[in-house]
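Participant: Here the sequence shown is numbered in full-length UniProt numbering, starting from 1 and rising by one per residue. Mind looking over this structure? Questions follow.
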Amino acid sequence: MPASKRRIPVSQPGMADPHQLFDDTSSAQSRGYGAQRAPGGLGYPAASPTPQAAFLADPVSNMAMAYGSSLAAQGKELVDKNIDRFIPITKLKYYFAVDTMYVGRKLGLLFFPYLHQDWEVQYQQDTPVAPRFDVNAPDLYIPAMAFITYVLVAGLALGTQDRFSPDLLGLQASSALAWLTLEVLAILLSLYLVTVNTDLTTIDLVAFLGYKYVGMIGGVLMGLLFGKIGY
């Protein structure tokens, strides 16, 4: 794992916007549909009631609706502020901006790292491109799925030894999560003590350290298939 990220500008023709985390599929839904004709006779649109007329028709309901909409907007804004204070939802979206091709290439990189030559993270205007555009970018999708799969495979291994129980499965998950936390804290402490300047964030460290579960899954499966020799 490199101590710092080297910024490489990206500008490829035909490539989607690197700042766009997910594909926009809204245009596909309206494709093939023409504009709807406005109601009314002889090609003229029917007259719509003015807002003043609609308000005078049922003032109590309209006032209640406006008040409820205002309360809902204020509540949503308050919840978003409090959530972002503790959990950076906006930043986390970047780490889950992956697609099937990225997952396949990333797994190939994890299993055959010596075949990979370019380890530089790509940047676009001082901002890292989304993981689906750069196989070197860290993500949290693969570590999260690998962690869950590792716990399930560990439960399978315990079952083959007639030792499976829900308590042991929970203990496996808790111990794996505890070791991951200790590893992150140890690296952060080491970087602080040696005063190394790096662009790596805590979430980046969690992502890089979480990739180890992919190899651990492979080791457990090899042990189940070929015994001690395979393990």
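Backbone N, C-alpha and C define an ideal beta-carbon position, used for all residues, glycine too.
So, using beta-carbon positions, are Q172 and V206 closer together than 8 Å?
Facilitator: Taking 8 Å as the cut-off, the Cβ atoms of Q172 and V206 do not count as close.
Participant: Quick check: V103 and A146, are their CB atoms within less than 8 Å of each other?
Facilitator: no
Participant: Look at the alpha carbon of Y94 and the alpha carbon of M101, and state the distance between them as a whole number of angstroms.
Facilitator: Cα to Cα, the separation comes out at about 17 Å.
Participant: Who are the near neighbours of F164 in its chain, counting only those whose CB is closer than 7 Å to its CB and skipping five residues on each side?
Facilitator: G155 and L158
Participant: Can you check which of these residues, D99, T149 and P131, is closest to L221 by C-alpha distance?
Facilitator: T149
Participant: Among P113, A130, L115 and Y114, which residue has its Cα nearest to the Cα of V121?
Facilitator: A130
Participant: When burial is assigned at 16 or more other CB atoms within 10 Å of the CB, is D142 buried or exposed?
Facilitator: First, the amino acid is wrong: residue 142 is Ile here, not Asp. By the 10 Å Cβ count, I142 comes out buried.
Participant: Taking all protein chains shown into account, decide if L225 is buried (16 or more other Cβ within 10 angstroms of its Cβ) or exposed.
Facilitator: exposed
Participant: Take W119 as the anchor and find which of A144, A73 and L109 has the nearest alpha-carbon.
Facilitator: L109
Participant: If you draw a straight line from the C-alpha of G223 to the C-alpha of L107, how long is it?
Facilitator: 20 Å
Participant: How should D204 be labelled, buried or exposed, when 16 other C-beta atoms within 10 angstroms of its C-beta is the threshold for buried?
Facilitator: Counting of Cβ neighbours within 10 angstroms places D204 among the buried residues, the total reaching 16 or more.
Participant: With a 10 Å radius around its C-beta and 16 neighbouring C-beta atoms as the bar for buried, classify R132 as buried or exposed.
Facilitator: Buried.
Participant: Specify, as a first and last residue, the run of the beta strand (DSSP E) that Y114 falls within.
Facilitator: No beta strand (DSSP E) contains Y114, which DSSP labels as neither H nor E.
Participant: What does a CB cutoff of less than 8 Å around A137 pick up in its chain, not counting 5 residues either side in sequence?
Facilitator: V121, Q122, P128, V129, A130 and P131
Participant: Keeping to the same chain, check which residues put their C-beta closer than 8 Å to that of Y211; ignore five residues upstream and five downstream.
Facilitator: L110, I142, P143 and A146
Participant: What do you get for Q161, buried or exposed, if any count of 16 or more other CB atoms within 10 angstroms of its CB means buried?
Facilitator: Counting the other Cβ atoms within 10 Å of the Cβ of Q161 gives fewer than 16, which makes it exposed.
Participant: Determine whether the beta carbon atoms of T201 and V184 lie at a separation below 8 Å.
Facilitator: no
Participant: By Cβ distance, which residues of its chain are closer than 7 Å to L169, with the 5 residues on each side in sequence left out?
Facilitator: V151 and G155
Participant: Between the Cα of D126 and those of Q117, L115 and D199, spot the shortest distance and give me the residue it belongs to.
Facilitator: Per the Cα distances, D199.
Participant: Under 7 Å Cβ to Cβ from I187, same chain only, skipping five residues before and after it: list those, please.
Facilitator: L205
Participant: Would you please state the rounded distance, in angstroms, between the beta carbons of I217 and V153? I believe it to be under 8 Å.
Facilitator: 5 Å
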